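Undergrad:
Numbering (this note's numbering), first residue to last: 20 to 392.
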C-alpha cells in the first residue's frame, strides 16, 4: 500500500475523513528516529477535527549523534516514544498536573515505521508563557516526581542518558584550547571574561560531574523538558516528546528546563537568576507536597551538576560562530548577536552552578572535584 493510501486509511480511522490536510510541524529534522511530524486536519465535512501525526522510524539516513538506535536503553532508541504511550506511562504524572497528549492510535506500518496519532493540544505554548507559569510547571514537576518516584523499570526506558547524550556531541572540542576560536567576533564580544577558563574546566571535569549525577537520588525523568515541548490545557501542563524518557537524577529535568528556556530565546538571560531561584523553590515545594522527605541539598546538587549537559555547547558555539544562525528546526535565521549574547550569559550562569556543585558535593560525602587547570 503506497504511503498516501496508508495515510488516508489511518486518517479515516482516526478522524473519519477521506481528505486529510497535512501541516508540517517544527521538529528536529536531523534526528534519525523522526520521519516527520504533522498536524492532520479533516478536510471534508470533518469540521474542526484534527490530530498530530508523528512517524517514528529506524529507516531514515542519519549518521553521527542523531542516528537511530535499536538498543532499547540507548538515549536515541527509535521506538521508545511508542512504548511510553502504549504502556500508559506518558500519563503517569497526570494526577499532579502534567500529562501527555492522548494517544488516538498507534499504527505499525508495513515498512517497519510506527505512526503515532496524538491529540492535537491547542493550548498556549510554553514558549510564550510568563515566568509565573514556568514556575508553576516546576512545582507540578516536583510533586509528580516525588509521588511517582523511579516507577517500575521498563526494558525500553533510557539508562545513563546524560553520559551518552553529552558523549555523542563532539563537534568543536578541539577548539576549546584554540586562541583564534575564542577571538571570533561573536565569541569575543558576547562571552564574558573568565568564561573560557570556566568552560574549559567544566569540560575537563566532565567525568566527575557525570559520576555525581549518576550517584544521586533517582526519578522517572522526561529528559527533554524545555518550553517547546510544553503547552497549557487550561488545568495543567501538557508535555510532548517522550523519546528520551527514563532514569534520571531527581532535579535533572529542572536543570534542563531552566537554561533551555534562555538558550532558545524564550526567556531573557537577564531574568535567569530570578527565574531559576523561584523555579527551584517551587520544585522543592512540589517535592514536599508529593511526599518526598529526602535531603534537599541532594536535589540542589543535581540541579547544579546538570550544568555538565551543556559542556558540548561551548565547543559547538566556537565551531559555529562564523556560520548563519538558525532557529530550532532550521527554518528561520536568528540574530547571531542576540544568540551569542544570551548564550554567553547563560553559560556564565551555568559556570556558577558548576562551581556551586563542586563546593556542595564534598559536604554531602562525595569526592572532591579535580583541581582546576
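Note that beta-carbon positions come from the ideal geometry of N, C-alpha and C, so glycine has one too.
Just so you know, these numbers come straight off a predicted model, no measurement behind them.
Which whole-angstrom value is the C-beta distance of residue 248 and residue 325, which I expect to be below 8 angstroms?
TA: About 17 angstroms separates the two Cβ atoms, so there is no contact after all.
Undergrad: Name the DSSP beta bridge partners of residue 117, please?
TA: Answer is 256.
Undergrad: Identify every residue that forms a DSSP beta bridge with residue 237.
TA: According to DSSP, residue 237 bridges with 268.
Undergrad: I'd like to confirm the pairing. Which residues does DSSP put opposite residue 58 in its beta bridges?
TA: Paired residue(s): 42, 71.
Undergrad: Is residue 53 near residue 23, with beta carbons less than 9 angstroms apart?
TA: Against a cut-off of 9 angstroms, the Cβ pair of residue 23 and residue 53 comes out as no contact.
Undergrad: For residue 174, which three-state DSSP category applies?
TA: Here residue 174 sits in coil by DSSP.
Undergrad: With a threshold of 8 angstroms, are at least 3 pairs of Cβ atoms found where one atom belongs to the stretch 110 to 120 and the other to the stretch 87 to 96?
TA: These segments do not touch.
Undergrad: What residue range does the alpha helix (DSSP H) around residue 106 cover?
TA: Counting along the chain, the alpha helix (DSSP H) containing residue 106 begins and ends at 99 to 106.
Undergrad: At 4 residues or longer, what runs of the alpha helix (DSSP H) sit wholly inside the stretch 176 to 255?
TA: You should have 180 to 186, 198 to 201, 204 to 209, 214 to 223, 225 to 234.
Undergrad: Would you call the stretch 239 to 254 and the stretch 300 to 307 in contact, with 3 or more CB pairs under 8 angstroms?
TA: Cβ pair count under 8 angstroms is below three, so no.
Undergrad: Taking contact to mean 3 or more Cβ pairs, one atom from each stretch, closer than 8 angstroms, check whether the stretch 98 to 112 and the stretch 139 to 157 are in contact.
TA: Taking 8 angstroms as the limit for Cβ pairs, the verdict is that the stretch 139 to 157 does not touch the stretch 98 to 112.
Undergrad: With DSSP run on the structure shown, which of helix, strand or coil describes residue 375?
TA: Helix.
Undergrad: Check each candidate in 72, 241, 132 and name the one with the smallest Cα separation from residue 160.
TA: For the residues 72, 241, 132, the minimum Cα distance to residue 160 belongs to 241.
Undergrad: Under a three-way DSSP split, which group does residue 386 fall into?
TA: Looking at residue 386 - three-state DSSP - the assignment turns out to be coil, as it is neither helix nor strand.
Undergrad: Let's test the definition: count the other Cβ atoms within 10 Å of the Cβ of residue 373 and tell me whether it reaches 16, buried, or not, exposed.
TA: That one is buried.
Undergrad: Kindly indicate which residue of 341, 366, 365 has the alpha-carbon position closest to the one of residue 354.
TA: Looking at the Cα atoms, 341 is the closest of the given residues.
Undergrad: Leaving out five residues on either side along the sequence, give the residues of the same chain with a beta carbon under 6 angstroms from the beta carbon of residue 175.
TA: Excluding positions up to five away in sequence, the list reads 91, 99, 102.
Undergrad: Between residue 68 and the rest of its own chain, which residues show a CB-CB distance below 6 angstroms, the 5 nearest in sequence each way excluded?
TA: Excluding positions up to five away in sequence, the list reads 34, 61.
Undergrad: Ordered along the chain, which non-local residues of its own chain (more than five positions away) have a Cβ less than 6 angstroms from that of residue 288?
TA: Cβ neighbours of residue 288 beyond the five flanking positions: 281, 361, 364, 365.
Undergrad: Starting from residue 134 and walking both ways along the beta strand (DSSP E), at which residues does that stretch end?
TA: Note, residue 134: beta strand (DSSP E), 133 to 138.
Undergrad: For residue 112 versus residue 59, is the C-beta distance shorter than 9 angstroms?
TA: The answer is no: Cβ separation not under 9 angstroms.
Undergrad: I'd like to know whether the C-beta atoms of residue 441 and residue 273 end up nearer to each other than 9 angstroms.
TA: An answer regarding residue 441 cannot be provided, because it is not within the stretch 20 to 392 covered by the chain.
Undergrad: Where do the N-terminal and C-terminal ends of the alpha helix (DSSP H) with residue 155 fall, by residue?
TA: 150 to 167 is the span of the alpha helix (DSSP H), which, as asked, contains residue 155.
Undergrad: Do residue 219 and residue 196 have their beta-carbon atoms positioned less than 9 angstroms apart in this structure?
TA: Yes, the Cβ-Cβ distance between residue 196 and residue 219 is below 9 angstroms.
Undergrad: Can we say the stretch 225 to 233 touches the stretch 176 to 185, given the rule of at least three CB pairs closer than 8 angstroms?
TA: Yes, they touch.
Undergrad: Name, in chain order, the residues that DSSP records as bridge partners for residue 352.
TA: The partner list for residue 352 (beta bridge, DSSP) reads 345.
Undergrad: Just to confirm my understanding: we take residue 228, look at its own chain, exclude 5 residues before and 5 after, and list those with CB closer than 6 angstroms. What are they?
TA: Cβ neighbours of residue 228 beyond the five flanking positions: 324, 327.
Undergrad: So residue 317 and residue 383 are supposed to be a Cβ contact under 8 angstroms. How far apart are they, rounded?
TA: Residue 317 to residue 383, Cβ: 7 angstroms. Contact.
Undergrad: Output yes or no for whether 9 angstroms exceeds the beta carbon distance between residue 370 and residue 265.
TA: For residue 370 and residue 265, no; Cβs fall outside 9 angstroms.
Undergrad: Check for me: the alpha helix (DSSP H) holding residue 317 runs from which residue to which?
TA: Start and end: 315 to 324.
Undergrad: Considering only the alpha carbon of each residue, which of 330, 322, 124 lies closest to residue 188?
TA: For the residues 330, 322, 124, the minimum Cα distance to residue 188 belongs to 330.
Undergrad: Apply the 10 Å Cβ neighbour rule to residue 337 and answer buried if 16 or more other Cβ atoms are within range, or exposed otherwise.
TA: Residue 337 is buried by the Cβ-count criterion.
Undergrad: Smallest Cα separation from residue 223: which of 83, 390, 49?
TA: Out of 83, 390, 49, 390 has the C-alpha closest to the C-alpha of residue 223.
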